[in-house]
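> Let me give you the structure first, and then I'll get to my questions.
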Amino acid sequence: MFTGIVADVGRMVSSKVLSSGRKMRFETSLPTADFILGESIAVNGVCLTVDGIGDNYFEAGVSPETLKKSNLGGLSPGSGVNLERALRPMDRLGGHFVTGHVDGAGKLLSRKREGEFETLTFFAPPEVSRYLVLKGSVAVDGVSLTVASIAGEGFSVALIPHTLSRTTLDGKKPGEAVNLEADILGKYVEKLLGRERAGGGLTMEKLAEAGFFG
């Protein structure tokens with residue numbers, strides 16, 4: 045589990061084609077001496093497993109499915125990536141719960157500067173847009189952002205200078221792909237409501253069974 049608060053902008057430095065998927069190496073300024081083989085790390089919002097560690101880099105295998113459903117397959121040596129290590133029990137939850145399981149690929153439609161701030165508008169496929177709510181949370185390339193507006197197949201976010209300077213979103217150009225993950229709370233609500241509709245509606249007994257009462 046992650047928070048969507050990017051810890052470092054690293055670089056993909058090599059990508060080796062395997063019989064199934066790829067092995068990627070990422071340079072980072074994070075203290076890799078603290079890394080553990082097998083730990084999870086979010087790369088552009090995609091949860092990967094660390095299977096190699098060096099002085100200033102780590103390696104991870106990327107499955108064919110992940111390459112197809114995320115923008116990791118489009119990375120070239122030197123590409124910047126947003127990095128975040130997994131959430132620990134004692135960490136502050138500065139963003140929102142991000143699982144690292146990308147729901148769909150979107151793309152940047154436009155960006156508009158307004159003083160020191162910048163508004164970015166993205167296309168979101170139906171599997172993502174169905175969960176978007178005004179002022180709700182969404183992860184864009186692993187960055188926890190607040191939905192400022194929704195219109196048709198697009199949504200907009202307003203970025204502060206800090207977010208722009210600490211993530212890859214500052215250099216993102218219209219037309220480029222982004223990884224999108226909707227807030228997991230919306231998915232749980234949808235499943236609960238769907239189950240209750242099928243079962244004849246919500247009752248006090250069903251709420252108690254779901255743990256809403258002591």
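Per the numbering used here, the very first residue in the sequence shown carries number 45; after that it's consecutive.
Backbone N, C-alpha and C fix where the C-beta goes; we use that ideal spot for every residue, glycine too.
Small disclaimer: the values here were computed from a predicted structure and weren't measured.
Identify whether SER209 lies in helix, strand or coil by the three-state DSSP scheme.
helix
> What is the residue span of the beta strand (DSSP E) that LYS217 lies within?
LYS217 -> no beta strand (DSSP E), and no H or E assigned at all.
> Please report the distance separating the alpha-carbon of PHE102 from that of LEU116.
Spanning the two alpha carbons is a distance of roughly 15 Å.
> May I ask you to list the residues that DSSP assigns as paired with LYS156?
THR163
> Which residue spans inside the stretch 112-193 form an unbroken alpha helix (DSSP H) run of at least 4?
Uninterrupted alpha helix (DSSP H) stretches at least 4 residues long and entirely within the stretch 112-193 occur at 170-173, given in chain order.
> Quick one: what does DSSP say VAL233 is sitting in, helix, strand or coil?
helix
> Which residue's Cα is closest to the Cα of THR207: LEU164, GLU225, ARG174 and VAL172?
LEU164
> Quick check: VAL24 and VAL177, are their CB atoms within less than 9 Å of each other?
Shown here, the chain extends from 45 to 258; a query on residue 24 therefore has no answer.
> Output the distance between the C-alpha atoms of ASP99 and ASP135, rounded to the nearest integer angstrom.
25 Å
> Would you check if the stretch 120-130 and the stretch 153-160 touch, i.e. whether three or more CB-CB distances between them fall below 8 Å?
Contact between the stretch 153-160 and the stretch 120-130 is absent: fewer than 3 CB-CB pairs across the two stretches fall below 8 Å.
> Check the DSSP bridge columns for THR93 and list the partner residues they point to.
SER84.
> Using a Cβ distance threshold of 8 Å, determine whether the stretch 63-77 contacts the stretch 213-227, with at least three qualifying pairs required.
no
> If you run the structure through DSSP and keep just helix, strand and coil, what is GLU109?
helix
> Just mark VAL61 as buried or exposed, buried being the case when its beta carbon has 16 or more other beta carbons within 10 Å.
VAL61 is exposed by the Cβ-count criterion.
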